[in-house]
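Engineer:
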Amino acid sequence: MTAATREAPRPKIWNDPFWRGLILQAALTIAVVALVWFAASNAVENMHKRGIPTDFSFWNKPASFDINQTLIPYSATSPNSQVFWVGLVNTLLVAGLGIVFSTFIGFAVGAARLSTNWLVARLATIYVEGIRNVPLLLQIIFWYNVVLGSLPNPRNAAPLLDLVFLANRGLFVPAPVFKPGFGAVWIALAVGVAGALAFRRWAARRQRETGAQAPVGWTMAALVVGPPLLVFFAEGMPLGWDIPKLKGFNFAGGQRLSPEFVALLLALTLYTAAFIAEIVRSGIRAVNKGQSEAAAALGLRAGPTRKLVIMPQAMRVIIPPLINQYLNLTKNSTLAVAIGYPDLFNVFAGTTLNNTGAAVQIIFMTMAFYLAVSLVTSAVMNAYNSRMSLKER
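Structure below.
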């Protein structure tokens, strides 16, 4: 065999980038698995020595403590599993309301910072710079101890139209009482919302194809409000109100919003809204001024220009950092432990952990909950962001 036909020598496995990378990744995987196994087995052994539970037997044992705010049935004899669900619902309640309220306030204040009115712009600036530069924990304590703690007792509560009462024991508001037949109203509302969304999609497609605009806002409002209102009257107005009334030293009836809930919601909302306001301001500033000038040259007024030209472009800049603020608000709700609001971190990772000693299981479940909420929030907002992103033709 001649030298020309002789095969070239194969490189050693270690000199082959593919095999070298595969070997290194396999070695790293084995090392990580061995480290996790060693840590887990060592933790289990130490927990057994100290009598710390390693299973989930605590899940069905009685909780043996009360919770001052529950949106689902709960008592001291309920199992620890019910504590988890009570804390989960309370956390989602304050986080969901905080996201909604902070979004409205943040967008309003962000637009106010760009106002041509000197007083409005300066007041918005004072709010943003004052709120976001004070620690959130300090603001929570301020609202709870200084503002709500200094309110009068229920006998001297400040009334609003004799329907709403604000006292140091909380905010007392009328509670709705749903009567038979109100289920049809909910069905009509669902049909109206579906019709409004379908009309909005049809109007957008029609505008893209023909350029003709439809009264989307008024039509959607009519579809959402009209059918439920008609069904409501047709069913004989199956809705009543339980008005809070002073009996003895406290109010009876109605719905009580605890001071802890009000203070936490106010602090989270106002704090997050300050950051959202800056995001909105920077997003609007990112739109080239020539866009407004071009819209004015075409005869568009200021309102349609903001709605059809400025905000659609600004939202592409606003949404990504807005997602971070929503996630921060949800995670910041764990500061509720400072004032005793019964969120998941407080009642489950706090009281239940101390009562049962199942630290590893409870902390893992709590971390998994916040991780799941963050991932779901990110997925929803990223889907909305993809819809708002610029589509190239």
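All residue numbers for the sequence shown refer to my numbering, where the first residue is 1138 and numbers rise by one. A virtual CB, placed ideally from N, CA and C, is assigned to each residue, including glycine.
Could you tell me whether the stretch 1355–1375 touches the stretch 1185–1199, using the rule of 3 or more Cβ pairs below 8 Å?
Structural biologist: The stretch 1355–1375 vs the stretch 1185–1199: no contact.
Engineer: Return the CA-CA distance between Ala1451 and Gly1247, expressed in angstroms with no decimal places.
Structural biologist: Ala1451 and Gly1247: Cα-Cα distance of roughly 12 Å.
Engineer: Looking at C-alpha atoms only, which residue of Leu1394, Val1314 and Phe1336 is the closest neighbour of Phe1304?
Structural biologist: Contrary to the premise, residue 1304 reads as Ala rather than Phe in this sequence. Closest option to Ala1304, Cα to Cα, is Leu1394.
Engineer: What residue range is occupied by the uninterrupted beta strand (DSSP E) comprising Arg1438?
Structural biologist: Where Arg1438 is concerned, there is no enclosing beta strand (DSSP E), given that its DSSP letter is neither H nor E.
Engineer: Return the CA-CA distance between Asn1465 and Ala1473, expressed in angstroms with no decimal places.
Structural biologist: Rounded to whole angstroms, Asn1465 to Ala1473 spans 14 Å at the Cα level.
Engineer: What residues match up with Pro1199 in a beta bridge as DSSP calls it?
Structural biologist: In the DSSP output, where bridge partners are listed per residue, Pro1199 has Pro1216.
Engineer: Is the beta carbon of Ile1476 closer than 8 Å to that of Met1518?
Structural biologist: In this structure, Ile1476 does not lie closer than 8 Å to Met1518 by Cβ.
Engineer: On the three-state DSSP scale, how would you describe Leu1401?
Structural biologist: Helix.
Engineer: Which residues in the same chain as Leu1251 place their Cβ atom closer than 8 Å to its Cβ, once the five residues preceding and following it in sequence are excluded?
Structural biologist: Within the same chain, Leu1251 has close Cβ partners Ala1258, Arg1418, Ile1421 and Arg1422.
Engineer: Take Val1424 and list the residues in its own chain whose beta-carbon comes closer than 6 Å to its own, dropping the five residues that flank it on each side.
Structural biologist: Same-chain partners within the cutoff: Ile1447, Gln1450 and Ala1451.
Engineer: Answer with buried or exposed for Gly1348, where buried requires no fewer than 16 other C-beta atoms within 10 angstroms of its C-beta.
Structural biologist: So Gly1348 counts as exposed.
Engineer: Going by C-alpha distance, which of Ile1380, Thr1489, Ala1434 and Gly1318 is nearest Gly1224?
Structural biologist: Minimum Cα distance to Gly1224 is reached at Thr1489.
Engineer: With a 10 Å radius around its C-beta and 16 neighbouring C-beta atoms as the bar for buried, classify Pro1352 as buried or exposed.
Structural biologist: It counts as exposed.
Engineer: Contact between the stretch 1430–1446 and the stretch 1205–1213: three or more CB pairs below 8 Å?
Structural biologist: No: the two stretches stay apart, fewer than three of their Cβ pairs being nearer than 8 Å.
Engineer: Please classify Glu1182: is it buried, with 16 or more other beta-carbons within 10 angstroms of its beta-carbon, or exposed?
Structural biologist: Flag for Glu1182 reads exposed.
Engineer: Is it buried or exposed for Phe1155, if we count other Cβ within 10 angstroms and need 16 for buried?
Structural biologist: Phe1155 should be labelled exposed.
Engineer: Verify whether the separation of the beta carbon atoms of Ala1433 and Gly1243 is less than 8 Å.
Structural biologist: No. Outside cutoff.
Engineer: Using CA atoms only, rank isn't needed, just tell me which of Gly1377, Thr1442, Asp1299 and Phe1193 is closest to Ile1096.
Structural biologist: Beyond the ends of the chain as shown, which are 1138 and 1530, falls residue 1096; an answer cannot be given.
Engineer: For Val1301, write down the residues that DSSP places opposite it in a beta bridge.
Structural biologist: Answer is Leu1297, bridged to Val1301.
Engineer: Could you give the residue range of the alpha helix (DSSP H) that holds Pro1095?
Structural biologist: Because the chain spans 1138 through 1530 in this model, residue 1095 falls outside it and cannot be assessed.
Engineer: Measure the beta-carbon distance from Tyr1478 to Leu1407 and round it to whole angstroms, keeping in mind my assumption that it falls under 8 Å.
Structural biologist: No, Tyr1478 and Leu1407 are not in contact; Cβ-Cβ is about 16 Å, not under 8 Å.
Engineer: Since Trp1280 and Ala1404 are thought to touch, with beta carbons under 8 Å apart, how far apart are those beta carbons, to the nearest angstrom?
Structural biologist: So it is a contact: roughly 5 Å between Cβ atoms.
Engineer: Is the beta carbon of Asn1469 sitting closer than 8 Å to the one on Leu1229?
Structural biologist: The answer is no: Cβ separation not under 8 Å.
Engineer: Do Phe1302 and Ala1312 count as a contact pair if the criterion is CB distance below 8 Å?
Structural biologist: No, the pair does not count as a contact, with Cβ atoms beyond the cut-off.
Engineer: Could you say which of Ser1218, Thr1467, Arg1187 and Ala1249 lies nearest to Ala1261 if we only look at CA atoms?
Structural biologist: Ranking Ser1218, Thr1467, Arg1187 and Ala1249 by Cα distance to Ala1261 puts Ala1249 first.
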